[in-house]
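Accompanying notes for the structure given below.
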C-alpha cells in the first residue's frame with residue numbers, strides 16, 4: 067500500500083508540473099496554472115523580481131476584476147473587509163484590488179501555493195448570493211439533523227446553539243458542545259451537491275473560523291463533512307479537505323463518524 071501511495075503522489079506531482087505553463091517577458095514571468103475559476107478560465111500569476119531579493123507573486127487585480135464581471139459589488143461596504151479576511155487567513159496581502167505576496171526564493175513554492183488557494187476561495191465569492199433550490203434546502207437540513215442525532219446519543223455531552231462575535235461579523239453555530247458541562251468546541255456540519263459547492267462551503271467555514279480566531283481563540287473548531295457515499299466523497303476531494311484541514315482544529319468525515327465522540331472528549 068505504501069508503494070501505491072508513493073506512486074500516486076509521484077504521478078500527481080509530475081502531472082501537475084506538466085500542466086503549469088510559463089512565459090518570460092523581460093524580467094517578469096507569467097505563470098498559467100492548471101487551476102480554474104468557476105467560469106473555466108485558467109488562473110494566471112505574475113512573478114516580478116524585486117531589488118530586495120524577493121519575488122512578488124501577483125494576480126494583477128484579475129481576481130477582483132473577475133468578481134466584478136460576474137455582478138459582485140466589489141465596492142460594497144462588506145466586500146473589502148471580507149477580501150482582507152480571506153487573504154490574511156492564507157498569509158498573503160491585498161493592496162487596492164491586487165492580491166499578492168512578496169516571497170523569498172526559499173519559500174516561493176509554498177507562497178505560490180497559498181496565493182493560489184486564496185484566489186480560488188475569493189473567486190467562489192461569485193456564488194455568495196446564489197439562491198438555494200427547495201431540494202438543496204432539504205438536503206442541507208437533513209445532514210445537521212443526523213449530526214444532532216449522533217450528539218444526542220453521547221453520554222455527558224450536551225450542546226446548544228451559540229452566537230459568537232468575530233472580528234468583522236457575528237456568527238451563529240448550531241452545535242456548541244459541552245463535555246461534563248465544560249465548553250469544549252464548535253461542531254459544524256458541511257454537506258454539498260457538487261465539487262464547486264464543496265469548495266465554496268469549505269472556504270466559507272474557513273473564513274468563519276478565521277474571523278472568530280481573530281477576536282478570541284477559546285473554541286476548538288471541528289468540521290463534520292458529509293461523505294456518506296462515494297459520490298459525495300469525491301466532491302470534497304483534496305482541495306476542500308485541505309482547506310478545512312488547515313483552518314479547522316479537527317475534520318471528521320461522516321463515514322467515520324464513530325471518531326466524533328473521541329474527538330470531542332480530547
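Residue numbers (our numbering): 67 to 332.
Cβ coordinates follow ideal geometry from the N, Cα and C atoms, glycine included.
Bear in mind the structure is a predicted one, so any value in this text is a computation, not a measurement.
Check, Outcome
"Three-state secondary structure assigned by DSSP to residue 319", "strand"
"Proximity below 7 Å, CB of residue 192 to CB of residue 104", "yes"
"Beta-carbon gap between residue 310 and residue 268 smaller than 7 Å", "yes"
"Option nearest residue 209 by Cα separation, candidates 233, 280, 228 and 259", "259"
"Residue 61, enclosing alpha helix (DSSP H) - first and last residue", "Because residue 61 is not part of the residues shown, which for the chain are 67 to 332, the question remains open."
"Complete beta strand (DSSP E) runs within the stretch 242 to 319 (minimum length 3 residues, chain order)", "248 to 256, 286 to 291 and 316 to 319"
"Option in 297, 296 and 255 with minimal Cα separation from residue 316", "255"
"Three-state class that DSSP yields for residue 73 in the structure shown", "helix"
"Near the ligand FMN: residue 224 beta-carbon under 6 Å from a heavy atom", "Ligands in the displayed structure: none, and consequently the ligand FMN is not present."
"Whether residue 158 touches residue 181 by CB criterion (7 Å)", "yes"
"Segments of 4+ residues assigned as alpha helix (DSSP H) that fall wholly inside the stretch 124 to 180", "128 to 135 and 145 to 155"
"Span of the beta strand (DSSP E), counted from its first residue to its last, around residue 112", "108 to 115"
"Inter-residue CB distance, residue 133 and residue 123 (contact presumed, cutoff 8 Å)", "That pair is no contact at about 19 Å."
"Beta-bridge pairing of residue 231 - partner residues as DSSP gives them", "236"
"DSSP beta-bridge partners of residue 91", "94"
"Assigned exposure category for residue 156 - 16 Cβ within 10 Å defines buried", "buried"
"Residue burial classification, residue 277 (beta-carbon count within 10 angstroms, cutoff 16)", "buried"
"Residues bridged to residue 122 [DSSP beta-bridge criterion]", "114 and 168"
"Identified DSSP bridge partners for residue 225", "243"
"Nearest-angstrom beta carbon gap, residue 271 and residue 289 [assumed within contact, 8 Å]", "6 Å"
"Nearest to residue 292 (by Cα), restricted to the options 239, 318 and 281", "318"
"Spatially closest choice to residue 165 from 186, 144 and 126, by CA coordinates", "126"
"Bounding residues of the alpha helix (DSSP H) (the contiguous stretch that carries residue 327)", "325 to 330"
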